[in-house]
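Before any comments, here is the structure.
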Amino acid sequence: MLTVMLPDGSRREYESSVSAYDVATEIGPGLAKAAVVAEVDGAMIDLHAPLPSAGEVQLRLLTKRDRAALDVLRHSCAHVMAQAVMRLYEGVQLAFGPYTETGFYYDMALEKPLSEEDFPKIEAEMKKIVKENERYERLEMPRKEALELCREMGQKFKVEHIETGLAEFETLSFYRQGEFLDLCRGRHVPSTRFIGKGFKLLSLAGAYWKGDASNQQLQRLYATVFFDKKELKEHLHRLEEAKRRDHRVLGKKHNLFDFDEQVGAGLVLWKPKGAVVRQELQNFIAEHLQRQGYGQVFTPHIGKLELYRTSGHFPYYQESQFPPLVGRDQMKKLADEGCSCGDLANMLSEGEIEGYLLKPMNCPHHIRIYASEKRSYRDLPVRLAEFGTVYRWEQSGELGGLSRVRSFTQDDAHLFVTEDQLSDEIDQCLDLVKIVLNTLGMDDYRVRVGLRDPNSDKYVGEADQWDRAEAACRKAAEGMGVDFTAEEGEAAFYGPKIDFVVRDVIGREWQLGTVQVDYQLPQRFELEYTGADNQTHRPVMVHRAPFGSMERFVGVLIEHFAAAFPLWLAPEQLRLLTVSEKSETYGKEVEQRLREEGFRIEADYRGQKLGAKIREAQLDLIPYMLVVGEKDAENGTVTVRDRIEGDLGAMPLEAAIVKLKQEVTDKTVRQVGGSRNDGDQNS
RNA sequence: GCUGCUGUAGCUCAGUGGUAGAGCACUUCCUUGGUAAGGAAGAGGUCAUGAGUUCAAGUCUCAUCAGCAGCUCCA
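The numbering used here numbers the first residue of the first sequence as 112 and each following residue consecutively.
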């Protein structure tokens with residue numbers, strides 16, 4: 112006898128074999144119709160699969176309101192998509208077809224590659240399959256039979272997967288709907304009818320078999336599905352909305368930065384308006400560095416290869432660096448000797464000839480500053496900060512907007528501390544990151560503690576030092592009072608780290624602020640200090656950058672504010688608008704006064720109607736407009752218009768200055784509440 | 001780096017192998033208007049670059065450069 116416990120606490124008993132669907136039918140035909148899949152003792156099971164014949168189980172029936180049911184639907188839809196493709200095209204080899212956070216994909220190899228022009232045809236075929244309402248039928252068989260079956264079907268990826276990834280499984284499952292049969296763990300909706308009309312093919316991309324770049328590249332067909340068409344429409348609408356916040360689009364529209372083919376890929380040109388944002392952020396950090404006892408330094412953009420041989424950056428990370436700069440005389444000599452590029456690379460690696468490197472990191476330079484003086488424990492911590500520009504040869508396919516560039520400026524600092532000071536110093540660094548994020552109202556981030564991957568050999572240093580450093584990071588993260596995840600394989604090659612990770616508008620994650628603990632570089636550079644015991648000791652290093660890089664941070668910030676910056680960051684804080692050309696003289700007086708007070712102000716004296724000037728200023732996302740007309744000239748007032756609130760009325764110029772200055776000092780972040788004043792009503 | 005797509009005016013984009021187009025922006029003139037678009041005229045192009053096919057190429061082919069999506073990578 113089987114006892115079924117339901118989430119509401121009720122229980123039902125069955126003598127004969129039943130499925131979750133049978134139970135649902137008994138409870139009510141409405142539930143039976145709405146049920147998509149079931150959960151038995153926490154494990155997903157097909158609705159029509161038989162429940163155990165005896166004992167007691169917890170049963171939960173999932174409907175389209177459950178997120179887990181949506182994942183199942185998407186997985187089922189992936190099968191339908193594969194089925195459609197196989198009906199339409201020859202020689203389709205299927206790889207994997209899972210659901211994702213927002214949809215699903217199927218990786219496959221075809222004789223003739225698909226293009227987006229094929230989408231309507233595939234979608235039409237999928238509609239047909241949905242209408243055919245084929246049942247998803249689960250088949251289980253021993254691995255030998257499964258292997259044989261996949262061989263017969265000519266599905267070489269499935270064969271390989273059974274032989275490698277699924278080597279430990281004795282029994283394998285397949286799902287069949289209509290003529291389509293696929294190796295699959297499940298689960299699925301009962302039949303294709305459940306998929307409905309809320310699906311859409313989205314894009315086509317390349318993907319490597321099993322995610323390995325040395326394997327064959329497949330075609331990945333991206334799509335999504337929702338339980339109803341309305342949800343699909345909303346999803347597509349959200350994607351469109353996100354595109355409007357894209358920093359690459361807004362950066363161009365508002366003249367913040369640019370890229371230029373002639374300058375080179377991944378090399379940012381900061382235009383005056385973008386430079387203001389970056390400079391204000393730097394000033395903001397610099398103020399906190401001063402408070403926290405940092406010393407500001409400047410170092411060159413290049414350094415000898417010897418420096419990076421010592422640090423370990425060269426030749427091991429050569430492929431992500433710009434190639435070394437070799438002296439002219441040396442190049443000539445080598446050329447005369449008939450030396451090949453390969454020979455040159457070898458000689459550089461071996462240190463037989465010297466060269467310079469565009470710096471990929473600032474740490475070695477800062478280390479040499481530390482080493483330039485005899486240090487006592489009384490000097491520690493030594494905190495060296497620099498907005499240091501570094502150069503990395505990112506793969507061409509990785510470049511994108513401000514998020515991934517080949518030259519970027521880190522708000523970098525290196526702390527040289529005693530073992531005893533380490534914990535407090537890490538805390539102080541984390542505080543700084545939190546101050547930055549709080550000030551800007553960015554609360555949508557996650558914290559990641561990056562630990563070494565025990566199976567990799569890319570790390571340098573002793574295991575016990577790593578253990579201590581990792582423990583210090585964990586402890587610091589715990590002390591922050593926010594959720595964090597510890598992730599193996601996310602450490603730097605010299606030590607573990609604590610990263611602040613945010614998402615951009617298209618859902619990609621970016622590491623911003625970072626704090627890293629390092630026992631290795633002090634050792635490689637043989638750094639020392641004299642302790643209270645008059646013995647020589649080795650300092651520990653902390654690398655930290657609250658923004659990460661100015662480029663990436665500004666990129667994220669543009670998307671965060673949709674380019675409508677708070678007053679203290681706005682490239683153009685104020686715009687003065689004259690009601691008519693009669694007020695130009697008074698306008699110039701007011702403009703000059705505000706400029707002297709330190710505001711970034713522009714004025715619009717054109718013979719246009721006020722309404723037109725206001726509209727332009729709104730679309731340009733100017734925080735405050737100062738309207739001056741003949742009445743203002745008489746009374747010595749300005750009529751303030753807030754980008755968000757609208758007309759605030761006339762006030763004496765001096766009163767406006769006080770108000771605006773206060774908002775700048777407070778770094779106030781004011782979010783748009785209304786619906787029509789975020790400047791993109793027209794786009 | 002790999003796969004696919006894209007590159008036309010400052011911006012967003014039309015353009016059938018046969019004389020280069022629109023909207024916005026810009027310039028000039030008219031309008032002097034108090035809180036989201038006043039009117040008229042004008043200027044603006046090596047169709048990314050280089051080769052090829054063709055009587056003829058923005059359009060077809062190839063290469064290069066750059067961008068986009070995804071994959072791989074990110075000290």
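Glycine included, each C-beta is placed from N, C-alpha and C at the ideal position.
Quick caveat, the model's predicted, so the values are computed rather than measured.
Does the beta-carbon of Ala-278 have 16 or more other beta-carbons within 10 angstroms, so that it is buried, or is it exposed?
-> exposed
Taking 8 Å as the threshold, find out whether the segment 230-243 comes into contact with the segment 344-359 through three or more Cβ pairs.
-> no
Which partner residues of Ile-156 appear in the DSSP bridge assignment?
-> Ala-149
So His-525 is in the alpha helix (DSSP H); what residue range does that whole segment cover?
-> His-525 -> not in any alpha helix (DSSP H); beta strand (DSSP E) instead, spanning 518-528.
What is the DSSP secondary structure of Thr-335, reduced to helix, strand or coil?
-> strand
Counting only runs that start and end within the segment 561-606, where is the alpha helix (DSSP H) found for 4 or more residues in a row?
-> 574-590
Would you say Leu-513 and Glu-662 are within 7 Å of each other, going by their C-beta atoms?
-> yes
Under 7 Å between C-beta atoms of Gly-174 and Ala-146 = Residue identity check: residue 174 is Thr in the sequence provided, not Gly. Result yes, Cβ atoms of Thr-174 and Ala-146 sit closer than 7 Å.
Buried or exposed: where does Glu-124 fall if 16 or more other Cβ atoms within 10 Å of its Cβ makes it buried?
-> exposed
Would Val-151 pass as a contact of Val-168 if the rule is Cβ separation under 7 Å?
-> yes
Does the beta-carbon distance from Arg-557 to Trp-577 come in below 7 Å?
-> no
Does the separation of the CB atoms of Arg-304 and Asn-244 fall below 7 Å?
-> yes
Report yes or no: do the segment 153-162 and the segment 305-320 share at least 3 C-beta pairs separated by less than 8 Å?
-> no
Ordered along the chain, which non-local residues of its own chain (more than five positions away) have a Cβ less than 6 Å from that of Gly-740?
-> Val-690, Ser-694
If we count the other Cβ atoms within 10 Å of its Cβ and call it buried at 16 or more, is Ser-422 buried or exposed?
-> buried
Using DSSP bridges, identify the partner residues of Leu-705.
-> Partner(s): none; Leu-705 has no beta bridge.
Rounded to whole angstroms, how far is the Cβ of Ser-187 from the Cβ of Tyr-247, which I believe are closer than 8 Å?
-> 6 Å
Reducing DSSP to helix, strand and coil, say where Gln-792 ends up.
-> In this prediction, Gln-792 has a pLDDT of 31, which is less than 50 and means its spatial position is unreliable; nothing more can be read from the coordinates.
Check the DSSP bridge columns for Phe-368 and list the partner residues they point to.
-> Trp-381
Under the DSSP definition of a beta bridge, which residues are partnered with His-477?
-> His-477 is not bridged to any residue.
Out of curiosity, what's the CA-to-CA distance linking Leu-315 and Leu-623?
-> 30 Å
Does DSSP put Arg-515 in a helix, in a strand, or in coil?
-> strand
Nearest-angstrom Cα distance between Ser-431 and Ala-603?
-> 15 Å
How many Å lie between Ala-524 and Leu-495 at the Cα?
-> 5 Å
Backbone CA spacing between Asp-656 and Val-336 [nearest angstrom] | A small correction: the amino acid at residue 656 is Ala; Asp does not occupy that position in the sequence shown. Cα-Cα distance, rounded: 41 Å.
For Trp-621, does the three-state DSSP call read helix, strand or coil?
-> strand
Note down the Cα distance separating Leu-445 from Ser-451, rounded to an integer number of angstroms.
-> 8 Å
Exposure of Arg-717, with buried meaning 16 or more beta-carbon neighbours within 10 Å = exposed
Nearest-angstrom Cα separation, counted from Ala-397 out to Thr-776 = 15 Å
Minimum C-alpha distance to Pro-301 - residue among Val-547, Leu-313, Arg-287, Tyr-427 | Arg-287
Sequence-distant residues of the same chain with beta carbon closer than 6 Å to Asp-218, five excluded per side = Ala-206, Phe-207, Ala-318, Leu-329, Arg-331
Those residues which DSSP pairs with Ala-496 across a bridge | Gln-407, Ala-524
Residues near Ser-534 by beta carbon distance below 8 Å, same chain, minus five either side = Ala-583, Lys-586, Ala-587
Report all residues from its chain with a CB closer than 8 Å to the CB of Lys-384; omit the five preceding and five following residues, and keep chain order.
-> His-365, Asn-366, Leu-367, Pro-682, Glu-683
Going by CA-CA distance only, name the one from Ala-482, Lys-344, Asp-522, Arg-489 that's closest to Glu-59.
-> Given a span of 112 to 794 for the chain in the structure shown, any question on residue 59 remains unanswerable.
If we call anything under 7 Å between Cβ atoms a contact, is Trp-679 one with Lys-569?
-> no
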